[in-house]
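Enquirer: A single structure is presented below for examination.
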Amino acid sequence: MTGQPPPIDPRDRAALVAQTTDLAIRYTRPADPATGDRGWQPPAGGRADPGQALIGIFARFAELVVQRLNQVPERDYLAFLNLIGVQPTPPLPARVPLTFRLAERSRTDALVPAGTQIAADPLDGEDDEVVFETGTDLAVTRSQLVTVLVDDAPRDSYADRGAEATGTLDEPFVAFTGDRAVPHEFFVACDPVLTAEGTKDVTLALATPDSVLLAAWPVSWSYGDGTGWQPVQAGSTPGDGVWTVTFSGLPQLPPQDVNGTSAGWLRARLDLPMPHGTWGLPPAAVAIGSRPPQDSADGVFPFGETEQGQFFYLSVDASVALHGATVRLAVTLARPGETGAPAGPVRLEWAYKDGDTWRRLGESSTAAEAVGTGGTGLTDGTLAMTRDGDVRFRVPADWPAELFRARSGHWLRAQIVQDGGAYATLPQVESLTVGHDWDLPTVTGIDVSTATAPEPVAPPRAFAGGTQLDVTRDFHPFGEQPRFNDTFYLACPANLVRPGADLTLDVTLTNGPDATDGPVPPVRTVGNPVTAWEAWDGTHWRTMTATAEGSDTESPSYAFTADATLVLTPPEGFARTEVNGVEEYWLRVRLVDGDYGSPAHYTRNADGTYEPVDATLAPPVVKALSWSSRQGLTAPVPAPVCVTHNDFRLVTHHKDPETPWSVTPFTPNPEQDPALYLGFDQAFGNRPVTLYLQAEPPQPDEVTADRLAGTEAADRADLVWEYSGPDGWRPLAAVDETAALTDRGMVRFVGPADLTAREHLGQRRCWLRLRLRHGTFPVPPRVRRILPNTTWATQAVTVTDEILGSGTAEAGRRLTTAQSPVLPGQRLVVREPERPSAAEEAVLTETEGVDAVTVVEDTGDVWVRWHAVTDFHRSGPGDRHYTVDPRTGEIAFGDGRAGRVPPAGQNNIRVTYRTGGGEQGNRAAGTVVTLKSAIPSIDSVTHHEPASGGSGWEPLERVRARGPRSLRHRDRAVTAADFEDLAFESSAEVARVRAVLPGRFDPFALWFDPATEQPRDEHTEAEADAGDVGIVVVPHSGASRPIPGLGLLRRVEEYLRDRCGPTTGLWVAGPEWIEVTVTATVVASSPDTAGLLGGRVEQILERFLHPLTGGPDGTGWAFGRKPHRSDLYALIGAVDGVDHVPALTVTTVAHSDELGERLEAVLGRSLAELASEPVAEDLTRWLERALVYSGAHRITVTLGE
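Listed below in structure tokens is the structure:
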């Protein structure tokens, strides 16, 4: 009975007047018509008449009686609802998370006590401010959330989400998914080889027993140029115990700091993820021979049970098949395979699927573990399934995930090769698990060598003593008249200077000994000139050898007496110095003995006379000088230091000649589980802490039935809170309202006394982390903000210990609270003359809690908490019961027969309650900001999201509709209507519910002929769906697509599961969506209105197509119903300013990846039409749970002719 009952008396005032008038005429007519008296007649022409007036008065009073009479069924119906306990739902208060901020420079934390009131200013049309009240004590801590990181350990990635979590960037983020790879880097420094000037070819020789593995891994190289890391091409060659890496044209590397060491650095970066190893996982699927794949490998016979097959297939998922990792198949056999004569040993070929090709991994047999192929390292510890053991191999780079027999995965195949023997007893697997780990290469030494280009290079500068020489022309290296200790300075090009590398200097003389016809005489050698070649080593000039190429190393240094190619060996530490104000790599050549002849002079004879002597001076004249480097590599120089960078930890390794060097360049992520890390700048102290996590609602396509299918409760995510202690991560006892980040809520805990700062992901903080211990999320959780110092506040005012009145010992005592409405959760206590008996107190404690009886020590007063009931129908004489009318605040007590009478006493009845609620509490973000009273050290309060959840009294129509439903289902879900009604009652957030039943299941269709070998299986799918019920939930929301949050779906599901049969298959999801886009041309009735007409039409269409508040009658759209073009024509045509609509098209789009194309063909059909035609059942069921919503409309406005 949900509609209005039929009226008992349908007469209105006009009918009453007409009937009374007719009766008056009839009963005033005389018995004898012969008298001529016609009795009373209504006056003609509507003239006033006392009789007519009396009839009108009587009809009005009769109308009032009829109206009240017609209300009797409704009154009796409401009385019946009241009898069975159906009451209007009282107002619900809005709720908002309020964030409190400490005053600047506050040296202490602050306490916001429970019951603190914060107000929002009145809006237009409101007289009073709206007051919110905090529900619990809040310790406002000085600890600030400064870093939020995501460590996606299974994918070896991370993300920095500090900007999003703190509100700097107003966007949500996925809580456990990284967007950047965790770096795995290896740095090599070797000075001065790498910091030497000029371009050079560099060769790294890394001593390692794992050269093949290192060369196979994707490693990218770069060098530091002082501003960043520049990529460089590198050649990679594995050798016997050496991994050789070569770089061509490497520039000079300026010193830069890496983990405290300043040097020129090369960096190797591993370009593949290295998540922590896994083990004990089930395979994704297995298949035997030509059979279809199955989920479990337990108990299977890989090569047949009775007759030997040839193929066994196994699939692993992407978390195991990681490039570069080593896959491990752990096999335990229930029955080992056995071989025997004459077949000989069984040989298995292992292969992986790459497109249409099965690529060979290697071969194993019952006689040998394995022979791998192409560096895969295959080993078969089971000896071809004849014993328990592990099958291991390295994952090849070209092992894709692909479909095989309709199952996607990374597929392996074990094949008994042709003529590969046979089993005498076929093996049976007891269990088979998969996993992966890493074979980590080590480096025991690094040698660096260089090579430069052999092209000659002119010297940059030269001096003869203090005179600069022009080396592009012929010049005298020691001047025109060389003397003892005259010096020739020669600069060496910086790009040729290499530690341990010899230099080549080509010298061509103008006046060589054979140049008899030159412009100057040949260089004189009779004086046996001797030179000293020296180079600067950073502290002083050191002698160096300078011999002509091909000459004896014992020969004296070259003295410019002939053309020559000199081989120069600079001293160790050859460095720049300044000569004549110019800084270069300088060599100097000093004339230390002998001469190049003498100038003309006089000699004194014995008799004292002087005799002229002709000049013999013939100093060397250089025509050309050119430098070059000795071809080939320099002598290897051991790298003295390297740095590893894994998991954001830099570790420096110094080469110690006396200690063997063993460095592991790349190591996997030490964490196994993904986690969300919250970094605080300081510890909290040992006090209560509250964090607010603003979980973001899912996307519309993430909560549909198709998307949520298969997310069983056993697989749901299990999250655990932990903190960084002095010896690692420790569990944090926290109360988490978010239910695994499916709903927004508070996280409350007591700050650990041993919270310790530690470095993680490269940042040192006091860390909390939320770790995904196991399970999966039906929808990736998203978080918008994480706010410390935040607590819930509700739009309600608490009235504490209000004196309700005094007991008079009279039956049926009624008292009224000072304020109303009274929200649920009131606490009423009565002072009684004596303490209840032990039995009574036990009952009170069970129903009201441990504080049901309170004895005041000072006065000895006994206060007893009484229990609220809906009525006294089941109350006994001694039951401490009362009823409360939330609307008026009236509280009624029993009469001594049904409910106890409160004892007599002065002011002995007190009540604590909350009052408030209503839609006025739904305030916009940032409006509830006025503290009603000052709190020490608190500067301000705000909120970053709107207050929501406030609602008024439940409308009477809803009460009338809900009453018979509750009487029908009796709080048990059996029929589809029961499920819908109970889902609607499960939460005030639910606006619309649709129960989706199994497909048309006919049990008679399962009949099969007993003579048939196999029963028919075409109805297997329908049989599997029998007993399943789906609930589609739509929440209250003004969004174009109201999307239920995972928390709401969870609450609805839990509510229904508590009320349905244990064997019922239940799923709860959001609706499917059909986008409706209107493209129309409208003609404006006036040019004055044309400008804004298009936008106004779009707004009206958006309102009309809203799934909850749209539709022709404003009550929303039914599931599966779509608007007709005629409705839209009429809607647009009725818009003020529209003359007519010459063209209109409607485009509907179904958001279903699986059924999209097939749905497009039937979107224009009604469900009634589809039900009578052989259309695919899955399409019909999809439409049964679909709602329309407004798309992006395209309205063109024109002016009429």
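If you want the numbering used here, it's the 1-based position in the sequence shown plus 5.
Backbone N, C-alpha and C fix where the C-beta goes; we use that ideal spot for every residue, glycine too.
Values in this document were obtained by computation on a predicted structure and should not be read as measured data.
1. Buried or exposed for L3, going by 16 or more other Cβ atoms inside 10 Å?
2. Could you give the DSSP three-state label for V1037: helix, strand or coil?
3. As a quick exercise: from Y615, L596, W541 and G599, pick the residue whose alpha carbon is nearest that of R581.
4. Can you check which of these residues, P350, P47 and T709, is closest to L1188 by C-alpha distance?
5. When the distance is taken between beta carbons, is D723 closer than 8 Å to R778?
6. Alpha carbon to alpha carbon, how far is G1138 from D1118?
7. Using the C-alpha atoms, what's the distance from R818 back to T25?
8. Is the beta carbon of V193 less than 8 Å from the beta carbon of A798?
9. Leaving out the 5 sequence neighbours to the left and right, which residues in its chain are closer than 7 Å to D1132 when beta-carbon positions are compared?
10. Out of P1003, G1066, V1083 and T1114, which one is the CA nearest neighbour of R1046?
11. Pairs of beta-carbons, one from the region 964-975 and one from the region 86-98, closer than 8 Å: are there three or more?
12. Ordered along the chain, which non-local residues of its own chain (more than five positions away) have a Cβ less than 8 Å from that of T438?
13. Where DSSP assigns a beta bridge to C497, which residues make up the other side?
14. Do V502 and A180 have their C-beta atoms within less than 8 Å of each other?
15. Nearest to D184 by CA position, among H1041, V155 and A553, is which residue?
16. Count the other C-beta atoms from every protein chain shown that fall within 10 angstroms of the C-beta of F66, then say buried if there are 16 or more, exposed otherwise.
17. Near T1225, which residues of its chain fall below 8 Å by C-beta distance, leaving aside the five closest residues on each side in sequence?
18. Looking at the strands, I want to know which residues DSSP matches up with T438.
19. So which of A1089, P1049, G1196 and V1057 has the shortest CA-CA distance to F1109?
20. Residues in the same chain with beta-carbon distance under 8 Å from D403, minus the five sequence neighbours each way, listed in chain order, please.
21. Tell me the DSSP bridge mates of K358?
22. Is it a yes or a no for the region 649-667 touching the region 758-767, going by three-plus beta-carbon pairs under 8 Å?
23. Helix, strand or coil for P236? Go by DSSP, reduced to three states.
24. Return the CA-CA distance between E851 and P1040, expressed in angstroms with no decimal places.
25. Would you call the region 157-174 in contact with the region 126-142, where contact means no fewer than 3 C-beta pairs closer than 8 Å?
26. Quick one: residues in its chain with C-beta nearer than 8 Å to the C-beta of F754, no 5 flanking neighbours on either side, listed in chain order?
27. What is the DSSP secondary structure of V396, reduced to helix, strand or coil?
28. If you follow the beta strand (DSSP E) that T888 is part of, which residue opens it and which one closes it?
29. Give me the residue from N490, A537, E539 and E485 with the minimum Cα distance to V528.
30. What's the gap between the Cα of L21 and the Cα of D81?
31. Please classify D245 as buried or exposed, where buried requires at least 16 neighbouring CB atoms within 10 angstroms.
32. Please classify F579: does DSSP put it in a helix, a strand, or coil?
33. From this set, A611, R769, V648 and D424, which residue's C-alpha is nearest Q687's C-alpha?
34. Which residues share a DSSP beta bridge with R274?
35. In the DSSP assignment, find the unbroken beta strand (DSSP E) run with T1094 in it and report its ends.
36. Please name the residue in T515, P236 and F317 whose C-alpha comes closest to that of Q433.
Expert: The relevant details are as follows:
1. Shown here, the chain extends from 6 to 1206; a query on residue 3 therefore has no answer.
2. strand
3. W541
4. T709
5. yes
6. 17 Å
7. 48 Å
8. no
9. P1117
10. T1114
11. yes
12. W284, G285, L286, P287, P288, L334 and A335
13. Y590
14. no
15. V155
16. exposed
17. For residue 1225 there is no data in the structure shown, the boundaries of the chain being 6 and 1206.
18. A335
19. G1196
20. D359 and R364
21. W363
22. yes
23. strand
24. 36 Å
25. no
26. P693, V694, W726, L737, A738, A739 and V740
27. strand
28. H886 to D890
29. E485
30. 26 Å
31. exposed
32. coil
33. R769
34. E190 and S225
35. Segment: none, T1094 is in no beta strand (DSSP E) and carries neither H nor E.
36. F317
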